[in-house]
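Working notes, structure below.
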Amino acid sequence: MRQTITRCRNRLTFGLWLTILGGGHWVESSACAQEPTPKAAVSPSPAVEERLRRLEEVNARLLERLDRDRDESAQRYRVLEERYRELQRRLGEPPATPALKADVPPETGEATARRSHLGRPGELGKALSVRELPLKARFADGFQLASEDEEFDLRFHVLNQTDAEVFAPNNRTFGKSGLYIPRVRLYLEGRLTKLWDYEVSLQRSLEGSWDLLDGNVNFHPSDAFQVKFGRQLVPYSYDWFDHLEQYFIAPERALFPLNFGLSRQAGLMGWGHAREGKLDWALGVFNGHLTGLADNNPNLEGVGYLNFRPFLGSEQFPALHHLNVGASGSIGEITRNDTPLPMRTSVQSSDNDEAAEDASAVFLAFNKGTVYQGARRFAAVHLAYYYHGLSFESEWNIGRFQMTRPGLGNKPEIPVGGFHTTLSYFLTGEQIERRTVVQPLRPFQPFHGEWGLGAFEPFIRYSQLNLGENLFTEGLAEGRLWSNDAGMIDLGMNWYPNRWVKFYLTWQHAMFGSPVLVNEAKNTFSRDMNLFWVRGQVYF
């Protein structure tokens, strides 16, 4: 009890001290009046102990309430501070900071930034008042940095593809067995406020040089109506406008879109996704070139595209939700000579260099001096269907274009037509609604303890391409060396170990309407070609 009295002594009131002292004096006086005996231990009365206990309880409750009030006040302050910052962001005001004095560096944490070296000389190194934006990072289909209000973001993607090709027969002038890199791409895309999107991407293709792939700005007031300006995909052919290369069923496009697709051009395009996703539309004007990156055609080309999903969201026909039907077309004129590329089976290339010649078989090469010049018109209708693990795609293309050569007084119009049909199915249960990123149900990622087989997708495709016989009769190409029609079968299996890695294993068999030159030195010809093809792809 002495310990209890000592522990509480500092908490007692002055009156209580007087009571204790008075009690002690009375005990001493009583002891002096008695005969001398051994002194007994002094213990406080029960009433004093009860008062001490009650004081301890009151003090404990006061301390507990004080701590609780302090925590509640701190929480209310944090909420008010966050609301204030949110109001600043909505009003577009920078956080309040002291005015900066000339030539005095700002303190750490102030909402200022330095100009980059791209500024004018007189502005280099000057501090600018900017709005601080807390960022959040994500990694899914690429890396993303975004502001908390989603007004600004930057997405970074990489596509890398490597091919191992074995041609049969192998002693070919065009098409040699070996390792090739068909494309490496770096994508930068994102948003500058919710009204403006941007895209900049670079590509290294078979030619071995880096160049601009896409570079555009997109005005985005709504999903149904958008306007894109710059270098971009041209909306002709479902196989081009709906499909990015990383999502292909077969390694490359079918014969007609491979050789006559309008690819990417500089232009102005209105486009959108309307009627709750049931309608995709695009209408634009483009510079109209077919080969190379430079725009050397002063005339414009009009291009249009429509794709319908008539049963999307239908309760009566749920199996037809992802049925796609549509059409596309283009019309334009080439006023300056544009040298045509050879007709190939397995390479998409904007130039005719040694690497492109080695990586693909050729079934039609134009005579020296032959050029595109004059009117050009293309049209296409397409049908695509996706249901659970099934993908079915088909497209029919027709067109006419004019060509000429030195010594030819006219510009003969060459008809061209083709079609392709593709079928694939996921054996491992994955379901898709369109060609996009595939997430295997059982990925193969042993370092994360996932030992699944990944996703397997067998596929088959047949494609056909036919050009007019007047190519040969007008001397634009040599009929005894080449064929003006070709058919091709692609049969293979796609393996997706995880969502970022994909392997194509493909056998490609091409058939030509007439024997084509295989080996120029040996003067050998063949009516068909076989290619055994493995492609490894990384995309994130």
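For the sequence shown, UniProt numbering begins at 1 and goes up steadily by one. The beta carbon of each residue, even a glycine, is placed where N, CA and C say it ideally should be.
Assuming residue i and residue j form a contact by the criterion Cβ under 8 Å, report the distance between their Cβ atoms to the nearest whole angstrom.
{"i": "Phe378", "j": "Ser330", "result": "5 Å"}
{"i": "Phe519", "j": "Pro440", "result": "According to the sequence provided, residue 519 is Asn. The question's Phe does not apply to it. With 8 Å as the limit, Asn519 and Pro440 do not qualify as a contact, their Cβ atoms being about 43 Å apart."}
{"i": "Leu423", "j": "Phe456", "result": "Leu423 to Phe456, Cβ: 15 Å. No contact."}
{"i": "Phe156", "j": "Gly142", "result": "6 Å"}
{"i": "Phe512", "j": "Phe363", "result": "5 Å"}
{"i": "Tyr247", "j": "Trp281", "result": "With a Cβ gap of about 21 Å, Tyr247 and Trp281 do not count as contacting."}
{"i": "Asp163", "j": "Pro134", "result": "That pair is no contact at about 44 Å."}
{"i": "Tyr539", "j": "Leu159", "result": "5 Å"}
{"i": "His382", "j": "Ala254", "result": "The pair is not a contact, with the Cβ atoms about 12 Å apart (cut-off 8 Å)."}
What is the DSSP secondary structure of residue i, reduced to helix, strand or coil?
{"i": "Phe525", "result": "strand"}
{"i": "Gln283", "result": "Here the sequence assigns Leu to residue 283, which means Gln is not the residue at that position. Three-state DSSP puts Leu283 in a strand."}
{"i": "Leu364", "result": "strand"}
{"i": "Ser223", "result": "The sequence as given places Asp at residue 223; Ser does not occur at that position. Coil at Asp223, not helix or strand."}
{"i": "Thr506", "result": "strand"}
{"i": "Asn59", "result": "helix"}
{"i": "Phe317", "result": "coil"}
{"i": "Val274", "result": "It should be pointed out that residue 274 corresponds to Ala in this sequence rather than to Val. Here Ala274 sits in strand by DSSP."}
{"i": "Phe248", "result": "coil"}
{"i": "Arg480", "result": "coil"}
{"i": "Pro446", "result": "helix"}
{"i": "Pro515", "result": "strand"}
{"i": "Val79", "result": "helix"}
{"i": "Val437", "result": "coil"}
{"i": "Leu341", "result": "coil"}
{"i": "Asp214", "result": "strand"}
{"i": "Arg65", "result": "helix"}
What residue does the beta strand (DSSP E) around residue i start on, and which one ends it?
{"i": "Asp197", "result": "Trp196 to Ser205"}
{"i": "Asn307", "result": "Glu301 to Phe308"}
{"i": "Trp495", "result": "Asp485 to Tyr496"}
{"i": "Leu471", "result": "Element bounds for Leu471: not the beta strand (DSSP E) but the alpha helix (DSSP H), Asn470 to Thr473."}
{"i": "Tyr236", "result": "Taken as a continuous stretch (DSSP letters only), Tyr236 belongs to no beta strand (DSSP E), as it is neither H nor E."}
{"i": "Asp358", "result": "Run containing Asp358: none in the beta strand (DSSP E); it sits in the alpha helix (DSSP H), Glu354 to Ala359."}
{"i": "His420", "result": "Glu413 to Tyr425"}
{"i": "Gly329", "result": "Leu323 to Asp338"}
{"i": "Arg183", "result": "Gly178 to Leu192"}
{"i": "Gly399", "result": "Leu390 to Thr404"}
{"i": "Gln161", "result": "Phe152 to Ala168"}
{"i": "Glu457", "result": "Ala455 to Leu467"}
{"i": "Gln373", "result": "Val371 to Tyr387"}
{"i": "residue 541", "result": "As displayed, the chain neither begins before 1 nor continues past 540, which places residue 541 out of reach and without an answer."}
Under 8 Å Cβ to Cβ from residue i, same chain only, skipping five residues before and after it: list those, please.
{"i": "Gly399", "result": "Phe260, Arg376, Arg377, Phe378, Ala379, Pro415, Val416 and Gly417"}
{"i": "Leu312", "result": "Glu276, Gly277, Lys278, His321 and His322"}
{"i": "Trp210", "result": "Leu202, Gln203 and Arg204"}
{"i": "Tyr84", "result": "none"}
{"i": "Lys194", "result": "Glu150, Glu151 and His220"}
In its own chain, which residues sit with a C-beta less than 7 Å from the C-beta of residue i, not counting the 5 before and 5 after it?
{"i": "Leu471", "result": "Ile414, Ala477 and Asn484"}
{"i": "Arg309", "result": "Gly277, Lys278, His322, Leu323 and Asn324"}
{"i": "Leu233", "result": "Trp240, Phe241 and Arg264"}
{"i": "Tyr386", "result": "His322, Ile432, Glu433 and Arg434"}
Determine the extent of the alpha helix (DSSP H) in which residue i is found, giving its start and end residues.
{"i": "Pro257", "result": "Leu255 to Phe260"}
Whose C-beta lies closer than 6 Å to the C-beta of residue i among residues of the same chain, with five residues either side of it excluded?
{"i": "Ser349", "result": "Leu206 and Ala356"}
{"i": "Gly22", "result": "With a pLDDT of 44 at Gly22, under the threshold of 50, the predicted position of this residue should be treated as unreliable, though the coordinate-derived value follows. If we look at Gly22 and ignore the five residues flanking it on each side, it has no Cβ neighbours."}
{"i": "Leu300", "result": "Val285"}
{"i": "Gly452", "result": "Arg442, Pro443 and Phe444"}
{"i": "Gln537", "result": "Gln161 and Lys502"}
{"i": "Tyr180", "result": "Asp163 and Ala359"}
contact_flag[the region 315–328, the region 234–245] where n(CB pairs < 8 Å) is 3 or more
With the cut-off at 8 Å, the region 315–328 and the region 234–245 touch.
If we count Cβ pairs, one from each stretch, closer than 8 Å, do we get three or more for the region 368–385 versus the region 196–203?
Segments in contact, no.
For the pair the region 218–229 and the region 271–281, tell me if three or more CB-CB distances fall below 8 Å.
Contact between the region 218–229 and the region 271–281 is present, with at least three C-beta pairs closer than 8 Å.
If we count Cβ pairs, one from each stretch, closer than 8 Å, do we get three or more for the region 166–173 versus the region 182–194?
No contact exists between the region 166–173 and the region 182–194.
Is the number of C-beta pairs between the region 525–533 and the region 493–512 that are closer than 8 Å three or more?
The answer is yes - the region 493–512 touches the region 525–533, with three or more Cβ pairs under 8 Å.
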